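For the sequence shown, our numbering assigns the number 239 to the initial residue and increments by one for each residue that follows.
Cβ atoms here follow ideal geometry from the backbone N, Cα and C, with glycine treated the same way.
Computed from a predicted model, the values in this text were never measured in an experiment.
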Amino acid sequence: MRPIGPTSERNSRKNIRVSDVIKPIRVRPLADIEMDAHADYIARDNLGAALRFLDAAQAAFDQISDHPSIGSRRYAYSPLLEDLRVWAVPDFENYLVFYLERSDHVDVLRILHAARDIPAALRETSPS
239 MRPIGPTSER
249 NSRKNIRVSD
259 VIKPIRVRPL
269 ADIEMDAHAD
279 YIARDNLGAA
289 LRFLDAAQAA
299 FDQISDHPSI
309 GSRRYAYSPL
319 LEDLRVWAVP
329 DFENYLVFYL
339 ERSDHVDVLR
349 ILHAARDIPA
359 ALRETSPS
């Protein structure tokens with residue numbers, strides 16, 4: 239029988255990602271405006287869907303807070319945004335949360351629709 243405890247493979251440190259420390263989310267004003275604009279747009283046709291979108295955006299923030307390294311670095315090609323990550327809003331995968339992991343928090347920079355010219359929108363984004 240294999241032991242269950244700190245020395246077992248199941249509990250070994252190699253399965254723990256050091257970067258995955260819960261960090262508070264800070265939503266920048268532009269991202270907050272974009273989230274509200276997306277909800278307003280969705281609400282034109284379906285108020286319930288707009289409310290679900292806001293809940294799903296919060297769920298995305300919670301996922302990112304719990305696992306800051308979860309997002310893809312697909313758009314991290316700019317030297318100013320080399321640590322940029324992106325994570326889709328659950329059940330609203332065309333809405334993308336762009337964020338930077340900082341030492342003590344996660345900085346949500348933008349919330350963009352996937353149909354946008356993402357590179358152009360990100361060029362307008364300041365990392366600080």
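Task: 8 Å Cβ cutoff met for isoleucine 308 and valine 335 - done: Position 70 of the sequence shown, counting from 1, holds the residue named residue 308. Position 97 of the sequence shown, counting from 1, holds the residue named residue 335. No, the pair does not count as a contact, with Cβ atoms beyond the cut-off.
Task: CB contact flag (alanine 298, proline 328, <8 Å) - done: Your numbering for residue 298 matches position 60 in the sequence shown. Your numbering for residue 328 matches position 90 in the sequence shown. Closer than 8 Å, so yes.
Open item on the list: If I follow the unbroken alpha helix (DSSP H) through tyrosine 279, where does it start and stop?
Closed with: Within the sequence shown, numbered from 1, the residue matching residue 279 stands at position 41. Here the alpha helix (DSSP H) through tyrosine 279 covers 267–281.
TODO: Note down, in chain order, each residue of its chain lying with its Cβ closer than 6 Å to the Cβ of aspartate 304, except the 5 sequence neighbours on either side.
DONE: Position 66 of the sequence shown, counted from the start, is the residue given in the question as residue 304. Counting only Cβ-Cβ distances below 6 Å, and skipping sequence neighbours, we find Ile260.
Task: Residue burial classification, alanine 358 (beta-carbon count within 10 angstroms, cutoff 16) - done: As a first step, residue 358 is located in the sequence shown; it is residue number 120 there, counting from the start. With fewer than 16 other Cβ atoms within 10 Å, it is exposed.
Task: Local Cβ density within 10 Å of alanine 295, reported as buried at 16 or more and exposed below that - done: Within the sequence shown, numbered from 1, the residue matching residue 295 stands at position 57. Alanine 295 counts as buried, since no fewer than 16 other beta carbons sit within 10 angstroms of its beta carbon.
- [ ] Within the same chain, show all residues whose beta-carbon is closer than 6 Å to that of glutamate 339, passing over the 5 residues directly before and after it, in chain order.
- [x] Here residue 339 corresponds to residue number 101 of the sequence shown, with the count starting at 1. Leaving aside the five residues that flank glutamate 339 on each side, the residues in its chain whose CB is nearer than 6 Å to its CB run, in chain order, Pro306.
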